[in-house]
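2 protein chains.
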Amino acid sequence: MSARVQADRLTDFCTAVFRGAGVPDRVASVVAESLVYADLRGVESHGVVRTDIYLRRAAEKMIDPHAPVTLVRDEGCTALADGGNNFGAYVGAVALERAMERAKRHGVCALGVRHSNHFGTGAWYVQRAVREGLALIVLSNASQTMPPTGGVRPFIGTNPIAFGFPTGREVPFVLDMATSLVARGKIIVAAKRGESIPLGWAVDKDGNPTTDADAALEGAVLPLGGPKGSGLSMAIDILAGVLTGAGFGPSVNNMYENWAEPQNVGHFFIVLDIERFIPLASFTDRIGQYIELMKAEPKAPGVSEILHAGEVEHRLEQTRRREGIALPDKVAEELKALGDRCGVAWPE
Amino acid sequence: MSARVQADRLTDFCTAVFRGAGVPDRVASVVAESLVYADLRGVESHGVVRTDIYLRRAAEKMIDPHAPVTLVRDEGCTALADGGNNFGAYVGAVALERAMERAKRHGVCALGVRHSNHFGTGAWYVQRAVREGLALIVLSNASQTMPPTGGVRPFIGTNPIAFGFPTGREVPFVLDMATSLVARGKIIVAAKRGESIPLGWAVDKDGNPTTDADAALEGAVLPLGGPKGSGLSMAIDILAGVLTGAGFGPSVNNMYENWAEPQNVGHFFIVLDIERFIPLASFTDRIGQYIELMKAEPKAPGVSEILHAGEVEHRLEQTRRREGIALPDKVAEELKALGDRCGVAWPE
Numbered sequence: 001m002s003a004r005v006q007a008d009r010l011t012d013f014c015t016a017v018f019r020g021a022g023v024p025d026r027v028a029s030v031v032a033e034s035l036v037y038a039d040l041r042g043v044e045s046h047g048v049v050r051t052d053i054y055l056r057r058a059a060e061k062m063i064d065p066h067a068p069v070t071l072v073r074d075e076g077c078t079a080l081a082d083g084g085n086n087f088g089a090y091v092g093a094v095a096l097e098r099a100m101e102r103a104k105r106h107g108v109c110a111l112g113v114r115h116s117n118h119f120g121t122g123a124w125y126v127q128r129a130v131r132e133g134l135a136l137i138v139l140s141n142a143s144q145t146m147p148p149t150g151g152v153r154p155f156i157g158t159n160p161i162a163f164g165f166p167t168g169r170e171v172p173f174v175l176d177m178a179t180s181l182v183a184r185g186k187i188i189v190a191a192k193r194g195e196s197i198p199l200g201w202a203v204d205k206d207g208n209p210t211t212d213a214d215a216a217l218e219g220a221v222l223p224l225g226g227p228k229g230s231g232l233s234m235a236i237d238i239l240a241g242v243l244t245g246a247g248f249g250p251s252v253n254n255m256y257e258n259w260a261e262p263q264n265v266g267h268f269f270i271v272l273d274i275e276r277f278i279p280l281a282s283f284t285d286r287i288g289q290y291i292e293l294m295k296a297e298p299k300a301p302g303v304s305e306i307l308h309a310g311e312v313e314h315r316l317e318q319t320r321r322r323e324g325i326a327l328p329d330k331v332a333e334e335l336k337a338l339g340d341r342c343g344v345a346w347p348e
Numbered sequence: 349m350s351a352r353v354q355a356d357r358l359t360d361f362c363t364a365v366f367r368g369a370g371v372p373d374r375v376a377s378v379v380a381e382s383l384v385y386a387d388l389r390g391v392e393s394h395g396v397v398r399t400d401i402y403l404r405r406a407a408e409k410m411i412d413p414h415a416p417v418t419l420v421r422d423e424g425c426t427a428l429a430d431g432g433n434n435f436g437a438y439v440g441a442v443a444l445e446r447a448m449e450r451a452k453r454h455g456v457c458a459l460g461v462r463h464s465n466h467f468g469t470g471a472w473y474v475q476r477a478v479r480e481g482l483a484l485i486v487l488s489n490a491s492q493t494m495p496p497t498g499g500v501r502p503f504i505g506t507n508p509i510a511f512g513f514p515t516g517r518e519v520p521f522v523l524d525m526a527t528s529l530v531a532r533g534k535i536i537v538a539a540k541r542g543e544s545i546p547l548g549w550a551v552d553k554d555g556n557p558t559t560d561a562d563a564a565l566e567g568a569v570l571p572l573g574g575p576k577g578s579g580l581s582m583a584i585d586i587l588a589g590v591l592t593g594a595g596f597g598p599s600v601n602n603m604y605e606n607w608a609e610p611q612n613v614g615h616f617f618i619v620l621d622i623e624r625f626i627p628l629a630s631f632t633d634r635i636g637q638y639i640e641l642m643k644a645e646p647k648a649p650g651v652s653e654i655l656h657a658g659e660v661e662h663r664l665e666q667t668r669r670r671e672g673i674a675l676p677d678k679v680a681e682e683l684k685a686l687g688d689r690c691g692v693a694w695p696e
């Protein structure tokens, strides 16, 4: 039971819906592209399902779609951007553009961003840099979902880290990972099925490790690798939040729950011009060789192919670009209703 | 059953032993300091226990203690160093020095290193940068210990990533983590005790997940968080190895097993001058506030204090600086024998 929509038509629809809500063209199209990209790559949680909440944040003045993204400091290989509380994907895209220009000139650019919002998937930024032969590390903080190791309540976000490298092959290396062990969505699925979850995924509301999916949903998801993931999440928050002047820890506001203040999400981009180290052709030769060697390794029982980061998502993207994106009926209905409100027809 | 030695005397002893083996003074003292630092911080696997293998590598011409560390490219905010196959800790220390000088001038420096060796703990570099009010990300590759997700045999290293930030408090934020879920040492301990290990720590020699510690030791340790850790290890290898011209994947040679070729380890340093983003005093205020808030969080059952990355190690370091380092008899005997060979007395 799902509606299947071509990616381009879905992007056009979402763009029109954002425009219908008063979002400037250039902002609307960037945000829509970022959402559809997530759906193409199988990260539905960051896909067009977010259109509604993004628009509600804007309607409540919790997001300012008209704000410019400004560089409050710019010293070439370092810069600090203020997103003016515009949509995160727009803020991130403009900031990355500035960082890429500077990395091409100086070889590296470390650019921090404050006063932003939920910026979608890290992979979306990574592919933009990789297309231009650049390497990218992107970090973002997020509102509270995990306890620090030893804690009970959500205090740190599942702050993502993404790395991207061109490979000279069809599929770039794209690692885009949250610092939680598993997505909360997997626990929701287990709870619905009445199944238990492995120890280590979550704690209950008192901070006890639990295998009970319902208890886990009342508690919190855990960082990957215990103190390692907890430390990694905090390190990301320090660069993206503490260093930029954005929120950090509990002061990154939840977009679903806090209707009094903007989120104040922070991001941090490190863009590298590969050519400043070795020629791009040598780099892609070497990474290509790495991938070939890895794929030639003996495979574990039941494994038909060893994949590098980003391959599964790339294949999904190819299929979905060809065959369209299947949206759950509930999501399609919600989008249609949003379209109806501003006279934008659903692409049947 | 252990010998207790003061850190300074142990450093002096190891320095003298390296010098006795023909290692130049400046190299000997840096390598010795790095090893003792690991013992002080409770990372005994990277401590003075490595003196013997380091010296054997040098004796077999697999390490060149006389080689200079040169910048083969230097464009200010990016640079590429060639370690000349000197000891990793010396190569890393010189490279970091160069990177810090450049970061102070330009705001950021991304510096790659090739032709290096095992460089000790990431934390040792981090504390050097943090002392000067800089933030540091340091990556290194390592010889093969983990299969990629879906693989069977060791193919990627437990490539470490470390982050360091000054906090304006006694204890800096120092996250220094391998990308394996647990250290192989923990599996050795379980095997000796006849205990099983949790699922997810390791695979057996055929690539099957196992809870049998003996089978795990014949197999391989696993990355933290499955594909996340596998991807993170590979991303680190791409920056430290592929991009620098060092070895990567299977071409980072094992220092215990390969006596025909140098290791060709690669490192990657990203040094940030905090002042280019916000004033250092604001940064330390903010990170201090973050730490205070975290410590005030409710604690899980059995937890008396929530610690940030580097606190446990800092406390150990303080204690061991005061009370001395307790070395297992076997390690002390080995060191004494190394001292005897070149007429250096063991510090009783």
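Chains A and B supply the protein sequences, listed in that same order.
Residue numbering for the first sequence follows the numbering used here, starting at 1 and increasing by one per position.
Residue numbering for the second sequence follows the numbering used here, starting at 349 and increasing by one per position.
Backbone N, C-alpha and C define an ideal beta-carbon position, used for all residues, glycine too.
Computed from a prediction, not measured in an experiment: that's the story for all the values here.
Between the CA atoms of A:VAL49 and A:ILE187 - distance to the nearest angstrom: Taking the first residue of the first sequence as 1, we reach residue 187 of chain A at position 187. Taking the first residue of the first sequence as 1, we reach residue 49 of chain A at position 49. About 19 Å.
Spatially closest choice to B:SER464 from B:LYS678, B:PRO557 and B:LEU428, by CA coordinates: Numbered from 1 along the second sequence, position 116 holds the residue referred to as residue 464 of chain B. Closest option to B:SER464, Cα to Cα, is B:LEU428.
Residues of the region 284-300 of chain A whose Cβ lies closer than 7 Å to any Cβ of chain B, in chain order: ARG286, ILE287, TYR290, LEU293, MET294, GLU297, PRO298, LYS299 and ALA300
The region 476-484 of chain B in contact with the region 134-149 of chain A per 3-pair CB rule at 8 Å: no
Enclosing alpha helix (DSSP H) for A:CYS14 [first to last residue]: Residue numbering aside, residue 14 of chain A sits at position 14 when the first sequence is read from its first letter. Looking at the DSSP string, the run of the alpha helix (DSSP H) that includes A:CYS14 is 7-20.
CA-to-CA distance, B:LEU529 to B:HIS394, given in whole angstroms: The residue labelled residue 394 of chain B in the question sits at position 46 within the second sequence. The residue labelled residue 529 of chain B in the question sits at position 181 within the second sequence. So the alpha carbons of these two residues sit roughly 18 Å apart.
Cβ pair count under 8 Å reaching 3, the region 240-247 of chain A against the region 615-634 of chain B: yes
Given 8 Å, three or more beta-carbon pairs between the region 118-129 of chain A and the region 261-268 of chain A: yes
CB contact below 9 Å: A:CYS14 versus chain B: Residue numbering aside, residue 14 of chain A sits at position 14 when the first sequence is read from its first letter. Closer than 9 Å: no.
Cβ pair count under 8 Å reaching 3, the region 578-589 of chain B against the region 498-515 of chain B: yes
Range covered by the alpha helix (DSSP H) that runs through B:ASP677: Within the second sequence, residue 677 of chain B is the residue found at index 329, counting from 1. That run of the alpha helix (DSSP H) goes 677-689.
B:ASP554, DSSP secondary structure in three states: Numbered from 1 along the second sequence, position 206 holds the residue referred to as residue 554 of chain B. Three-state result, B:ASP554: coil.
Three-way DSSP call (helix, strand, coil) for B:MET603 in this model: What you label residue 603 of chain B is simply residue 255 of the second sequence in a count that begins at 1. Reduced to three states, the DSSP call for B:MET603 is coil.
A:MET177 - partner residues in DSSP beta bridges: Position 177 of the first sequence holds residue 177 of chain A. Its beta-bridge partners are A:ILE161.
Sequence-distant residues of the same chain with beta carbon closer than 6 Å to A:VAL23, five excluded per side: Sequence index remark: in the first sequence, residue 23 of chain A carries index 23 (1-based). The answer, listed in chain order, is PRO65.
Three-state secondary structure (DSSP) of A:SER304: By one-based count along the first sequence, residue 304 of chain A stands at place 304. Three-state DSSP puts A:SER304 in coil, outside helix and strand.
Residue-level contact to chain A via CB, B:ILE673, 9 Å cutoff: The sequence position of residue 673 of chain B within the second sequence is 325, counting from 1. For B:ILE673, the answer is no, since every Cβ of chain A falls outside 9 Å of its Cβ.
Limits of the alpha helix (DSSP H) - the one that B:ALA538 falls within: Mapped onto the second sequence, residue 538 of chain B falls at position 190. That run of the alpha helix (DSSP H) goes 532-541.
A:ARG57: first and last residue of the uninterrupted alpha helix (DSSP H) it sits in: Stepping through the first sequence from its first residue, residue 57 of chain A is reached at position 57. 51-59 is the extent of the alpha helix (DSSP H) around A:ARG57.
The region 157-169 of chain A: positions lying closer than 7 Å to chain B by Cβ: PHE163 and PHE165
Listed by chain order, chain B residues near A:LEU272 by CB distance under 7 Å: In the first sequence, counting from the first residue as 1, residue 272 of chain A sits at position 272. Result: ALA458.
Cβ contact check for the region 617-632 of chain B and the region 219-236 of chain A: 3 or more pairs under 8 Å: no
A:GLY151 versus A:ALA337, A:ALA220, A:LEU224 and A:LEU10, residue with shortest Cα-Cα distance: Residue 151 of chain A sits at position 151 when you count from the first residue of the first sequence. Selected option, being the one with the closest Cα: A:ALA220.
Local Cβ density within 10 Å of B:ARG532, reported as buried at 16 or more and exposed below that: As a position in the second sequence, residue 532 of chain B is number 184, starting the count at 1. Buried is the call here.
Span of the beta strand (DSSP E), counted from its first residue to its last, around B:VAL519: Start at 1 with the first residue of the second sequence, and residue 519 of chain B comes out as number 171. Neither: B:VAL519 is in no beta strand (DSSP E) and is coded neither H nor E.
Buried or exposed (CB count within 10 angstroms, at least 16 for buried), B:SER488: To locate residue 488 of chain B, count along the second sequence from 1; it is residue 140. Buried, by the Cβ-count rule.
Pairwise C-alpha distance: A:LYS61 and B:HIS615: Counted from its first residue, the second sequence places residue 615 of chain B at position 267. Counted from its first residue, the first sequence places residue 61 of chain A at position 61. Whole-angstrom Cα-Cα distance: 46 Å.
Distance between B:ALA443 and A:GLU44 (C-alpha atoms, nearest Å): Here residue 44 of chain A corresponds to residue number 44 of the first sequence, with the count starting at 1. Here residue 443 of chain B corresponds to residue number 95 of the second sequence, with the count starting at 1. Cα to Cα, the separation comes out at about 43 Å.
Given B:ALA477 as reference, the closest of B:VAL522, B:ILE509 and B:PRO649 once Cα atoms are compared: For the purposes of this step, residue 477 of chain B is taken as residue 129 along the second sequence, with counting starting at 1. Taking only the C-alpha atoms, the option nearest B:ALA477 is B:VAL522.
Neighbour flag for A:LYS61 against chain B, beta carbons, 9 Å: The residue given as residue 61 of chain A occupies position 61 in the first sequence. Chain B, which has no Cβ nearer than 9 Å to the Cβ of A:LYS61, makes this no.
Distance cut-off 8 Å: A:GLY226 Cβ against heavy atoms of the ligand FAD: Within the structure as shown, the ligand FAD is missing, as the structure has no ligands at all.
Where A:LEU224 falls: helix, strand or coil (DSSP): Counted from its first residue, the first sequence places residue 224 of chain A at position 224. Here A:LEU224 sits in coil by DSSP.
Cβ-based burial, B:GLU661 [other Cβ within 10 Å; buried from 16]: Numbered from its first residue, the second sequence carries residue 661 of chain B at position 313. Under this definition B:GLU661 is a buried residue.
Whole-angstrom C-beta distance between B:GLY516 and B:ASP621, which should lie under 8 Å: Translated into positions along the second sequence, residue 621 of chain B becomes position 273. Translated into positions along the second sequence, residue 516 of chain B becomes position 168. Not really, about 16 Å apart at Cβ, beyond 8 Å.
Candidates A:ARG57, A:ASN208 and A:LEU217: closest to A:GLU195 by CA position: If you number the first sequence from 1, residue 195 of chain A lands on position 195. Of A:ARG57, A:ASN208 and A:LEU217, the residue nearest in Cα terms is A:LEU217.
Closest by C-alpha distance to B:GLU645, when choosing among A:ASP214, A:GLY207 and A:PRO198: Sequence index remark: in the second sequence, residue 645 of chain B carries index 297 (1-based). Among A:ASP214, A:GLY207 and A:PRO198, the Cα nearest to that of B:GLU645 belongs to A:GLY207.
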